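Heads up: the structure comes next, in structure tokens.
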Amino acid sequence: MHASIHPLISPARLRDILSAPDLVLLDATMPLPGETFDPEQRFVEARLPGARRFDIEQFSDPESPLPHMIPTQARFATLAGALGVSDAAHVVFYDQGNAASAARGWWLARLFGLERVQVLDGGLPAWQRAGGPVDAGAPQAVQAAAFRPAPRFRLVAGLGDMRDHVRHGDRLILDARAHGRFTGEVAEPRPGVVSGHMPGARNLPFGTLLDDHRAFLPPEALRARFAEAGVTEDRRVITSCGSGVSAAVLSLGLAICGRTGDTLYDGSWAEWGSTPGAPVETGPGRSAVS
182 MHASIHPLIS PARLRDILSA PDLVLLDATM PLPGETFDPE QRFVEARLPG
232 ARRFDIEQFS DPESPLPHMI PTQARFATLA GALGVSDAAH VVFYDQGNAA
282 SAARGWWLAR LFGLERVQVL DGGLPAWQRA GGPVDAGAPQ AVQAAAFRPA
332 PRFRLVAGLG DMRDHVRHGD RLILDARAHG RFTGEVAEPR PGVVSGHMPG
382 ARNLPFGTLL DDHRAFLPPE ALRARFAEAG VTEDRRVITS CGSGVSAAVL
432 SLGLAICGRT GDTLYDGSWA EWGSTPGAPV ETGPGRSAVS
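Residues 182 to 471 in the working numbering are what the sequence shown spells out, letter by letter.
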């Protein structure tokens, strides 16, 4: 990450720079399991001024049977460029309430080399509470840009990596799913996926990093949450969830705390829980929640 930019931007600060020529606002709103709304309709009804629609389903690998797997460099570059995102742009992601989809957009942009990328803390609801202007109706066409990817694949872990890390215990695996899914008491929302968690993983539901308005807790509170989950300075972290989306909230929280070198398991539980022979544990494990 560029040393001069913080992962989060406040509504007040964003309003100050709203007319900057290199600023690109991306609405990454996507429903999580259990949420039922049309993100496209919400985008038409209310969005940040000049915002473009960042569809996470499109910014995924269409050839993979797993949900939300990272796209190829070429696909990301083509789709990002069509939204007017150059590799020199200042991109601010936001969503309309769950925080996870904006975090996934932020993580993807960083993965493919974007330096100046932030998340609007609290999303569109925080912007509206602060009195920020919104657009509605059909969005205007945008001028395409050239995006040249410079991928940082060290930020992502695959199934083979996870098998090794589970076997050797050399990484702390933080699982962002709800507690019942982690323990195996609640069925997974995707067919063919068993319930439970990876051996040695700890449960840190992504919502525990957020306040009642879905904005991030202050850094000192985040550090306390991570410490309770077993995070230490001398051990790298891998974040995981159901399909790699809400895990990005944990990844963003770690970045807010100044950590670098942590990774996200892209396939997450959708992959691990559907892989024959992958070890699975149930029960509370070493959970960070009660």
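Glycine residues also receive a C-beta, built at the ideal position from the N, C-alpha and C atoms. If you're wondering where the values come from, they're calculated on a predicted model, not measured in any experiment.
- Sequence-distant Cβ neighbours of residue 392 in its own chain, meaning closer than 8 Å and more than five residues away, are 398.
- Using a 10 angstroms sphere on the CB of residue 452, the tally of other CB atoms reaches 16 or more, which defines it as buried.
- Here residue 316 carries a strand assignment [DSSP, helix/strand/coil].
- In the three-state scheme derived from DSSP, where H, G and I count as helix and E and B as strand, residue 366 is classed as coil.
- Contact annotation: residue 431 and residue 357 have beta-carbon atoms nearer than 7 Å.
- Note: residue 338 is bridge-paired with 446 in the DSSP secondary-structure output.
- Residue nearest to residue 241 within the set 230, 231, 260 is 260 (criterion: CA-CA distance).
- Taking the Cα of residue 381 as reference, the smallest distance to any Cα among 274, 420, 370, 251 is reached at 420.
- If you look at residue 274, you'll find it in the beta strand (DSSP E) that goes 271-275.
- Three or more beta-carbon pairs separated by less than 8 Å are not found between the region 282-297 and the region 313-323, which leaves the two stretches without contact.
- Per DSSP, the beta bridge partners of residue 378 are 462.
- Here the region 403-410 lies against the region 428-444, with 3 or more beta-carbon pairs under 8 Å apart.
- The three-state secondary structure of residue 224, taken from DSSP, is helix.
- In terms of Cβ geometry, residue 465 and residue 364 form a close pair [threshold 7 Å].
- Residue ranges of uninterrupted beta strand (DSSP E) with 3 or more members, entirely inside the region 372-440 and ordered along the chain, are 418-421.
- Contact annotation: the region 203-214 touches the region 262-271, with at least three C-beta pairs closer than 8 Å.
- Remark: C-beta atoms of residue 355 and residue 403 do not approach each other more closely than 7 Å.
- Leaving aside the five residues that flank residue 411 on each side, the residues in its chain whose CB is nearer than 6 Å to its CB run, in chain order, 353, 383.
- Contact check for residue 233 and residue 323: beta-carbon distance about 6 Å, within the 8 Å limit, so the pair qualifies.
- If the five residues before and after residue 229 are omitted, its C-beta is found closer than 6 Å to the C-beta atoms of 206, all from its own chain and listed in chain order.
- Of the residues 414, 189, 415, the one whose Cα lies closest to the Cα of residue 297 is 189.
- Just so you know, the alpha carbons of residue 238 and residue 249 end up roughly 6 Å apart.
- Residue 394 holds the alpha-carbon nearest to the alpha-carbon of residue 309 among 456, 394, 455, 236.
- Residues of the same chain with a CB within less than 6 Å of the CB of residue 370, apart from the 5 flanking positions on each side, are 214 in chain order.
- In this structure, the CA atom of residue 265 is about 40 Å from the CA atom of residue 415.
- Taking all protein chains in view, the Cβ of residue 235 is crowded by 16 or more other Cβ atoms within 10 Å, so the residue is classified as buried.
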